[in-house]
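Colleague:
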Amino acid sequence: MKTSNINRRNFLKTSGSAGALLALGFSIPAQSEDVVLHKIPQTTLGLEFSPYILIDDTGKITLLNPRPDMGQGTYQSLPALIAEELEVSLDQIHISQTNGQGKYGSQLSGGSSSVRTRWMPLRKAGAAVKEMLVQAAANKWQVPVSECYAQEAKVYHKPSGKSFTYAELVGDASQLPVPKDPKLKDPKDFKLLGKNIPKPDVPLKVTGQAQFGIDVEVPGMLYASIERCPAIHGKVASFDTTATMKVPGVKKVLKAERAMPHTTVETVAVLATNYWAAVQGRKKLKVKWAPVNEAALSTEKFSAQMHELAKKDGSDFAGNTGDFAKAYGEASKKVQATYETPFAAHAAMEPVNATAWFKGDSVEIWAPVQGPDGAIGEVAQYLGLKPEQVKVNVTFLGGAFGRKAYLDFVKEAVFLSKQVNAPVKLIWTREDDMSQGPYRPAMLSVLEGGIDEKGNVTAFHHKIISESIQKQVFKADLKGKADGWAEEGIGPKDSPLQIPNIRRSYHNASTDLPILWWRSVYASTNVFGHESFVDELAHAAGKDPLDLRLELLKDSPRFVKVLETAAEKSGYREKLPAGKARGIAIARSFSTICAHVFTVAKTTDGVKIEKVVSVIDCGMTVNPDNIKAQTESNIIYGLTAAIKSPITFANGAVEQTNFHNYPVLRINETPVMEVHIIDNQEAPGGVGEPGLPPIAPALANALFNLTGIRQRKYPLELV
1189 MKTSNINRRN
1199 FLKTSGSAGA
1209 LLALGFSIPA
1219 QSEDVVLHKI
1229 PQTTLGLEFS
1239 PYILIDDTGK
1249 ITLLNPRPDM
1259 GQGTYQSLPA
1269 LIAEELEVSL
1279 DQIHISQTNG
1289 QGKYGSQLSG
1299 GSSSVRTRWM
1309 PLRKAGAAVK
1319 EMLVQAAANK
1329 WQVPVSECYA
1339 QEAKVYHKPS
1349 GKSFTYAELV
1359 GDASQLPVPK
1369 DPKLKDPKDF
1379 KLLGKNIPKP
1389 DVPLKVTGQA
1399 QFGIDVEVPG
1409 MLYASIERCP
1419 AIHGKVASFD
1429 TTATMKVPGV
1439 KKVLKAERAM
1449 PHTTVETVAV
1459 LATNYWAAVQ
1469 GRKKLKVKWA
1479 PVNEAALSTE
1489 KFSAQMHELA
1499 KKDGSDFAGN
1509 TGDFAKAYGE
1519 ASKKVQATYE
1529 TPFAAHAAME
1539 PVNATAWFKG
1549 DSVEIWAPVQ
1559 GPDGAIGEVA
1569 QYLGLKPEQV
1579 KVNVTFLGGA
1589 FGRKAYLDFV
1599 KEAVFLSKQV
1609 NAPVKLIWTR
1619 EDDMSQGPYR
1629 PAMLSVLEGG
1639 IDEKGNVTAF
1649 HHKIISESIQ
1659 KQVFKADLKG
1669 KADGWAEEGI
1679 GPKDSPLQIP
1689 NIRRSYHNAS
1699 TDLPILWWRS
1709 VYASTNVFGH
1719 ESFVDELAHA
1729 AGKDPLDLRL
1739 ELLKDSPRFV
1749 KVLETAAEKS
1759 GYREKLPAGK
1769 ARGIAIARSF
1779 STICAHVFTV
1789 AKTTDGVKIE
1799 KVVSVIDCGM
1809 TVNPDNIKAQ
1819 TESNIIYGLT
1829 AAIKSPITFA
1839 NGAVEQTNFH
1849 NYPVLRINET
1859 PVMEVHIIDN
1869 QEAPGGVGEP
1879 GLPPIAPALA
1889 NALFNLTGIR
1899 QRKYPLELV
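Just add 1188 to wherever you are in the sequence shown, counting from 1, and you've got our numbering.
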């Protein structure tokens, strides 16, 4: 499989060289399954519709992939959706990454949305093309369509055994009308979907052939490294470049800017003929920063602000049921708890970087961005250009977790290129990445539960206090309102607890610290308090935590099956020897349900996490091996956040700067991981994020069962 970027001129030039071409695109007017298919006449290619599938008379099959691959597997999963219905193997497909133009629809890799929103459109498009090719073959042979079938890029005539390649049929097929409702394959006949198919990008990455943003080279480019105020929001008072300009290779030092959604801060950039020179020159800079309000950037102050807001009544989310206040007041037993999660860095292996070339009336960008369409929009607005004057070339992303959808680094590169009238490649250092944000917002969860004299949970209230991504990044007005995004993982759909009186509420805690979505976004923080508190209610009611969950979720069969499977696979009901304990948690996020059972044990050095048994129900599957890999990745990422150092602020600056004081889980610390997938005929859910939210509460519940100590704040201590 090959990857390339296509612009409109080259696309027209290339496609026009073929003698015949069958091109099909689609639009999604409303729901993801409400698909309108379009045949693309050669005279309008790339102009009026979105050509997602192209087959030329040489037999070349091209898919324009609309979702960048940051390790979550879209490089394989999206082509596989088409290939399955088109009856071709993956090695017969070429992939071209979309370039952000609006006609391709949303191109943002995020929210574990790629497969679940493209599942039906891509399959239907593949099925439609196959039907057109089969009809073309039947017409040529003058036989009924029912006597023909497609396989491995050919159409066969059953009685005679004759065949045509797709290449031989393109000309005739391109003249046929597009089927409005093509027949999709029965899942039992799938050859690719639901199978462990090797990911074609792995060999490219292992051999170094895959191009990441940090690999980009443009003739004549300068390299940039930027000095930034430790307090993030500082202004430049003065800077001395004397020593910097003596470094061989350094060409220019200039005052620059970092444009974030909620503010713009001043920086100083060093540009050189190579990256080493840029970094060495930066180290010799002498910058004086104007005084800032250091006290405003304090972990303790923000935590105190959240705790103060917790004393006040919040704004309700939609979907509350019953009368919580009345039921809670009448409860025989009342349970209260407060859970707190800190700021967290994304810490992707590839630090953010971008190469930009401002050409006066246009700009071209090469970057590992999660959404090229968003990059076009933001850069066009930033420079005062029209969207068609901005071109984005998307590379592979060396991890992202949400960070590379925040496009401050792209605008920095564009700013510098405009100033020096040359291509500029900007690379953030690891220290820049850790100390400058944006971060997952810190959050406080205040929970209250009421239990009647029979041990039934009759009242439940989860109050969330945090800064709002929707407000800070997208300028939403939340005065007197709850942030609808902020109830991920605990809303009525994600947590369908059968409790007669449920209230969910919200308080906005403002901060100027840059925040953004982080892997599984609010679910990563909400579920920690939510699922830990369910355990607290179980213990208060004298019930096993698994039994209480089965009771509260009895009307949600998919939840019940995940819980029962987790119990079976982990041996949850089996008695453990002294010094060992288990804990369980379950959550639904991004349309997928996941449960974890942790086994922990006391050792002479503290507590060891021995094993994690995970059960995930993401509906119909594309590649089980990738689901397993993503779930294991979520375990590692979630455990790192739960037990390792948080991001903290003191004296106006971030205290963590690299992996030495913001460590990730190491191989020797990694528990045995066992992942079980529940495959069913439900619409597919997400995979890249849903495994993370139940990690921390499952561990916290296991630690309580082992030690009798309830931990309600990160980092969880293994003592």
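In this text, a Cβ means the ideal position worked out from N, Cα and C, and glycines have one as well.
Just to check my reading of the structure: S1802 and I1815 have Cβ atoms closer than 8 Å, yes? What is that Cβ distance to the nearest angstrom?
Modeller: Between I1815 and S1802 the Cβ distance is about 10 Å, and since that is not below 8 Å, they are no contact.
Colleague: Can you tell which of L1252, E1905, A1830, Q1818 has the C-alpha that lies nearest to the C-alpha of A1884?
Modeller: A1830
Colleague: If you drop the 5 nearest sequence neighbours on each side, which residues of the same chain put their C-beta closer than 8 Å to that of L1357?
Modeller: L1321, A1324, A1325, K1328, V1343
Colleague: Taking contact to mean at least 3 C-beta pairs separated by less than 8 Å, is the segment 1272 to 1287 in contact with the segment 1247 to 1256?
Modeller: Using a C-beta cut-off of 8 Å, the segment 1272 to 1287 makes contact with the segment 1247 to 1256, since at least three inter-stretch Cβ pairs fall below that distance.
Colleague: Considering only DSSP beta bridges, list what M1861 is partnered with.
Modeller: V1800
Colleague: Candidates S1654, V1863, K1613, N1714: which alpha carbon is nearest Y1411's?
Modeller: Closest in C-alpha terms to Y1411, from the list S1654, V1863, K1613, N1714, comes K1613.
Colleague: Any contact of the segment 1693 to 1702 with the segment 1487 to 1506, i.e. 3+ C-beta pairs under 8 Å?
Modeller: yes
Colleague: Is the Cβ-Cβ distance between S1623 and T1845 less than 8 Å?
Modeller: yes
Colleague: How long is the line joining the alpha carbons of K1832 and Q1577, rounded to whole angstroms?
Modeller: About 45 Å.
Colleague: To the nearest whole angstrom, what separates the beta carbons of A1542 and V1598, a pair I think is in contact under 8 Å?
Modeller: Confirmed, about 5 Å.
Colleague: Identify the residues that DSSP records as bridge partners of E1518: which are they?
Modeller: Note: E1518 sits in no beta bridge, so no partner.
Colleague: DSSP three-state call for A1773: helix, strand or coil?
Modeller: If DSSP states are grouped into helix, strand and coil, A1773 belongs with the strands.
Colleague: Since T1452 contacts I1414 with CB under 8 Å, what's their CB separation in whole angstroms?
Modeller: Here T1452 is actually not in contact with I1414; their C-beta atoms are around 14 Å apart, not less than 8 Å.
Colleague: How close, in whole Å, do the beta carbons of V1634 and A1498 come, if the pair is a contact with beta carbons under 8 Å?
Modeller: Right, the Cβ-Cβ distance comes to about 5 Å (below 8 Å), so this counts as a contact.
Colleague: Mind checking whether V1750 and D1805 have CB atoms under 8 Å apart?
Modeller: yes
Colleague: What's the gap between the Cα of V1567 and the Cα of I1281?
Modeller: 32 Å
Colleague: Around the C-beta of G1874, are 16 or more other C-beta atoms found within 10 angstroms, so that it is buried, or is it exposed?
Modeller: buried
Colleague: Can you have a look at H1848 and say buried or exposed, based on whether 16 or more other CB atoms are within 10 angstroms of its CB?
Modeller: exposed
Colleague: Starting from T1452 and walking both ways along the beta strand (DSSP E), at which residues does that stretch end?
Modeller: From DSSP, the beta strand (DSSP E) with T1452 extends over 1452 to 1460.
Colleague: Can you tell me whether Q1264 is buried or exposed? The criterion is at least 16 other CB atoms within 10 Å of its CB, across all chains shown.
Modeller: buried
Colleague: Alpha carbon to alpha carbon, how far is S1758 from T1836? Give it in angstroms, no decimals.
Modeller: 36 Å
Colleague: On a Cα-Cα basis, can you pick out the residue from H1421, I1615, E1319 that is closest to F1400?
Modeller: I1615
Colleague: Note the first and the last residue of the continuous beta strand (DSSP E) segment covering L1410.
Modeller: 1410 to 1415
Colleague: Given a cut-off of 8 Å on the beta-carbon distance, is the pair N1472 and T1526 in contact?
Modeller: Looking at the sequence shown, residue 1472 is not Asn but Lys. Cβ distance not < 8 Å, so K1472 and T1526 don't count as in contact.
Colleague: Let me check understanding here. Comparing Cα to Cα, which of L1666, T1753, E1636, R1746 lies closest to E1719?
Modeller: E1636
Colleague: Along the alpha helix (DSSP H) that carries S1720, what are the first and last residues, could you check?
Modeller: The continuous alpha helix (DSSP H) containing S1720 extends over residues 1711 to 1729.
Colleague: Would you mind sorting V1645 into buried or exposed? The rule is 16 or more other CB atoms within 10 Å of its CB.
Modeller: buried
Colleague: So, using beta-carbon positions, are A1460 and K1439 closer together than 8 Å?
Modeller: yes
Colleague: Could you check if M1537 is buried or exposed, using at least 16 other CB atoms within 10 Å of its CB as the buried criterion?
Modeller: Exposed.
Colleague: Should K1371 and A1315 be called a contact, given that it needs their Cβ atoms to be closer than 8 Å?
Modeller: yes
Colleague: Since I believe I1653 is in contact with M1631 (beta carbons under 8 Å), could you give me their beta-carbon distance rounded to a whole number of angstroms?
Modeller: 7 Å
Colleague: Based on the DSSP secondary-structure assignment, which residues constitute the bridge partners of K1923?
Modeller: Any property of residue 1923 remains undetermined from this structure, which presents the chain solely from 1189 to 1907.
Colleague: By a C-beta neighbour count over all protein chains shown, 10 Å radius and 16 as the cutoff for buried, is G1794 buried or exposed?
Modeller: exposed
Colleague: Thinking E1820 and S1708 are a contact (beta carbons under 8 Å), I'd like their distance in whole angstroms, please.
Modeller: Between S1708 and E1820 the Cβ distance is about 15 Å, and since that is not below 8 Å, they are no contact.
Colleague: Please confirm if the segment 1386 to 1393 is in contact with the segment 1544 to 1563, defined as three or more CB-CB distances below 8 Å between the two stretches.
Modeller: no
Colleague: Tell me the residue span of the alpha helix (DSSP H) that contains V1358.
Modeller: 1354 to 1361
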